[in-house]
Amino acid sequence: MKRQTVKRILCITIVSAMLATNTSTTFATDMAQSRESKIEAVLEEAAEGPVEKRAIYGDEVVTVIVEGDVVTLPDQSTVGIYEFSGTFVNAQEEAAFLAAKEQAAADAQAAADAQAAADAQAAADAQAAADAQAAEDAAKAEEEAKAAEDAAKAEEEAKAAEDAAKAEEEAKAAEEAAKAIPVFDPGKNIIAGKSLYSDQLSSDYKITFSEDFATVMQEIESEYKDRMNAEAEAAAIAKAQKQVAAQAEEEAKAEAEAKMQEEQAAQPTDSGNVEVEIEAAKVDENLVVKNWQDVLAVYILEQSRKGVTEYTLDRNAKADLAAAFAEMNAPIETEKVITYRNTKADTYLQEKQEALTEEEKNLIKKYAGVDCTILCAAATDADGFITESLGDEVSASRAAVVRAAYSLVGKIAYFWGGKSNVIGWDNRWGSQQIITAEGSDDSGQLKLYGLDCSGFVTWAFINGFQDTSFGGSIGQGTTSQWGLSENIAEEDAQPGDLVFLMVPGSGINHVGVVVGRGSEGDLVVAHCNDYDDGVVVESAYGAGFRYVRRPYCYGESENEVPVVEETAEEIPQPTNKKTVTVVKPNISYDKKLTVRKEKKSSVIELVQSPLSEIEDAIPEKKSVKLISRIR
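Numbering-wise, the numbering used here comes out as the position in the sequence shown, counting from 1, plus 277.
Rendered as structure tokens:
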């Protein structure tokens, strides 16, 4: 009876397996028949940009990314769509495949269970026979076995007690060791320094910058602005002096004519000080110099003409660099506001083409090029170089984010899980701290505190927008930063956009900030990474980034409402008017109305300002050569 039951179970299992196999085969055949049409449909959909598709690949349903005619598999490898061995499926087909697969698995399990039941029954029968045969012997040896078992059990319990005590002691020691502070190894915290860029500037461009060169650039701008203001004010005062003198002459002449009618000699007119109101032009306070790299190129040209072949940019170069700055930034006065010409290298080459040799033209192009500009920006963190590297079309908020990103190049260490919502320098950076975030080989180690990749991005946006709560608008991790941005084409990327290593969920991700483009048009990014142990600037694709996204917080998306709206602060316009005291000249006429002027010093003094201060503030015009032509 038992054998008949086993046979019946086996028959049912075999039939079920055949049905399941037939269902899977039929499903696969149906999929193959629609494969070509599905590929065509996917290609048409992917023409608009990368798309995620579900596909049967091997014996699994996976998500792949189709971009053009290339399929990116879950392991990040790629294959042409026509060589792709999988089959694209919709939701209904995926459900059917999974149901068929589940049914086949259930049927196979049923067959295995039936076989196991038969084997178990056979074993039970054999065991019953063996038990019957051994029952007599077992009963006879039971007493002796029990005695031996008791002895062995007693020995085993004693050994177990000894092992438990030893294990407890080892566990306690391990717990104490885990609580101990790890040994700090400075060799694992070598921060990526600016020497990466200084070395390249030295080898490729023969340039060496001093540590304070960004400050030197700011001083040149500030001193040039003060000089333009002083010269404009001196010109306004001179004009006022001339007007007062002309008025005094008219008054003297009128008085002489009146006295001639009475046949009396003309008496000198009263001299003295006269208060007049002047309005001198002033340099626009919001003026941004956008040609510092071009200024540097002209400086290099002038130095090369002197036989210099290696260029050290420090305070000793300030005077010559200021002269080049003045030549490339001639003042332009419009309605009492002074701006600068901001001459670019292309304009300089066009205007000077007859005076320049081909070698000199190539020199200007080399040092004014975008690759040199980005290297100078990374090596100095100078606003002048950063501003020019961004171009003219970048918004103020994007420029501020990029400046913040540049400000940490070579200054902090990479720290897994490192975050900061501080505006400006975080005093924790550089201190020794234990990495508490899980998921890294460095977890639990003691390292110099800094930022991880997403922490660096968050800090750059917080400082770019000057808002400590801005982390909620840009995100605090790669997944949230991906979610708070939208996919864009590489050719549409602008400074301040984000780049990602991979799609969230497919592995440990990485993120960086676009800071510009190289000479070949490829994206350049700033990112904080473990390999360099800090913030570096390099090619996006060379660093492995593959996805470009635009944060919603810029308010440029047509699909999302930006989290933070920028508001333009209204800045009051200062008046340039002030009152000055000038000397009224002593003028008289004789009876024939012949002018007679007494020589007096043309003293000019500003109200509430000592004369010595005004004279010091107005340098001689010959000290800096200015371009007077305006095109």
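Idealized CB from N, CA, C, for every residue including glycine. Quick caveat, the model's predicted, so the values are computed rather than measured.
When the Cα of residue i is compared with those of the options, which residue comes out closest?
i: aspartate 481; options: Glu379, Gln398 and Thr586; result: Thr586
i: valine 343; options: Val551, Val328, Ser354 and Leu473; result: Val328
i: glutamate 657; options: Gly784, Tyr474 and Gly819; result: It should be pointed out that residue 657 corresponds to threonine in this sequence rather than to glutamate. Nearest of Gly784, Tyr474 and Gly819 to threonine 657, Cα basis: Tyr474.
i: asparagine 563; options: Ile555, Ser499, Val521 and Lys536; result: Ser499
i: phenylalanine 747; options: Gly716, Tyr824 and Tyr831; result: Tyr831
i: asparagine 506; options: Ile609, Ala437 and Glu552; result: Ile609
i: serine 581; options: Ile615, Ile484, Ala523 and Asp648; result: Ile484
i: alanine 681; options: Gly773, Gln709 and Lys643; result: Gly773
i: glutamine 758; options: Glu552, Ala770, Val780 and Lys613; result: Val780
i: serine 834; options: Arg823, Ala442, Ile765 and Ala318; result: Ile765
i: glycine 701; options: Gly716, Glu670, Phe742 and Asp427; result: Phe742
i: isoleucine 651; options: Ala387, Gly795, Glu488 and Ala441; result: Gly795
i: arginine 827; options: Glu763, Gly811 and Asp810; result: Glu763
Given residue i, which residues of its chain have a CB within under 6 Å of its CB, disregarding the five upstream and five downstream residues?
i: alanine 622; result: Asp571, Ala574, Ile641 and Ala645
i: glycine 363; result: Ala332, Ile333 and Tyr334
i: isoleucine 711; result: Leu723
i: glutamine 353; result: none
i: threonine 755; result: Ser731, Asn786 and Val788
i: alanine 424; result: none
Tell me the rounded alpha-carbon separation between residue i and residue j.
i: threonine 713; j: glycine 732; result: 15 Å
i: valine 678; j: glycine 668; result: 15 Å
i: valine 699; j: asparagine 740; result: 8 Å
i: asparagine 606; j: tyrosine 359; result: 59 Å
i: isoleucine 253; j: lysine 629; result: This structure gives no information on residue 253, because the portion of the chain shown stretches from 278 to 908.
i: glutamine 850; j: aspartate 346; result: In this prediction, glutamine 850 scores a pLDDT of 45, lower than 50, which makes its location untrustworthy; no coordinate-derived value is stated.
i: tyrosine 238; j: valine 825; result: Since the displayed the chain opens at 278 and closes at 908, residue 238 lies outside it and no answer follows.
i: alanine 633; j: alanine 324; result: With the sequence shown as reference, residue 633 is identified as leucine, and alanine is not the correct amino acid for it. Rounded to whole angstroms, leucine 633 to alanine 324 spans 50 Å at the Cα level.
i: phenylalanine 490; j: glutamine 477; result: 17 Å
i: lysine 530; j: isoleucine 555; result: 26 Å
i: alanine 676; j: lysine 378; result: 55 Å
i: threonine 611; j: serine 472; result: 44 Å
i: threonine 664; j: threonine 492; result: 15 Å
i: glutamine 627; j: aspartate 648; result: 22 Å
i: leucine 320; j: arginine 312; result: 12 Å
i: alanine 845; j: serine 672; result: Its pLDDT being 34, under 50, alanine 845 is placed unreliably in this model, and the value from its coordinates should be taken loosely. Cα to Cα, alanine 845 sits roughly 12 Å from serine 672.
i: threonine 355; j: serine 783; result: 15 Å
i: glutamate 508; j: glutamate 579; result: 26 Å
i: asparagine 836; j: alanine 376; result: 38 Å
i: alanine 517; j: glutamate 510; result: 11 Å
i: lysine 436; j: alanine 418; result: 27 Å
i: proline 351; j: phenylalanine 777; result: 16 Å
i: alanine 397; j: alanine 388; result: 14 Å
i: glutamate 322; j: lysine 638; result: 49 Å
i: aspartate 769; j: lysine 330; result: 25 Å
Apart from the five residues just before and just after residue i, which ones in its own chain have a Cβ nearer than 7 Å to its Cβ?
i: phenylalanine 361; result: Val348
i: glutamine 369; result: none
i: asparagine 715; result: First, the amino acid is wrong: residue 715 is glutamate here, not asparagine. So no residue of the chain qualifies.
i: isoleucine 577; result: Tyr588, Leu640 and Tyr644
Below 8 Å CB to CB, which residues in the same chain sit around residue i once its five sequence neighbours on both sides are set aside?
i: asparagine 619; result: Val566, Lys567, Asn568, Met605 and Asn606
i: tyrosine 683; result: Ala654, Ala655, Asp658, Ile663, Val792, Ala803 and Val814
i: serine 487; result: Val493, Thr589, Leu590, Asp591 and Arg592
- Message: Under 8 Å, with one C-beta from each stretch per pair, do the region 717–726 and the region 692–701 reach the 3-pair mark?
- Response: yes
- Item | the region 594–601 in contact with the region 561–569 per 3-pair CB rule at 8 Å | no
- Message: I'd like to know if the region 725–742 and the region 799–808 are in contact, where contact means that at least 3 CB-CB pairs between them fall below 8 Å.
- Response: yes
- Enumerate, from N- to C-terminal direction, the unbroken beta strand (DSSP E) stretches of 3 or more residues contained entirely within the region 667–727. 709–711 and 723–725
- Please list the segments of the beta strand (DSSP E) lying wholly inside the region 481–568, counting only runs of 3 or more residues, in order along the chain. 484–486 and 549–556
- Okay, do the region 788–803 and the region 812–819 touch, 3+ Cβ pairs below 8 Å being the bar? yes
- Contained beta strand (DSSP E) runs [length at least 3] in the region 330–362, N- to C-terminal order: 337–344, 347–349 and 355–357
- Query: In the region 578–664, which residue ranges form an unbroken beta strand (DSSP E) of at least 3 residues, counting only runs that do not cross its ends?
  - Reply: 588–590, 608–611 and 614–617
- Task: Output the residue ranges of the alpha helix (DSSP H) runs that lie fully inside the region 740–804 and measure 4 residues or longer, sorted by chain position.
- Result: 748–751 and 755–760
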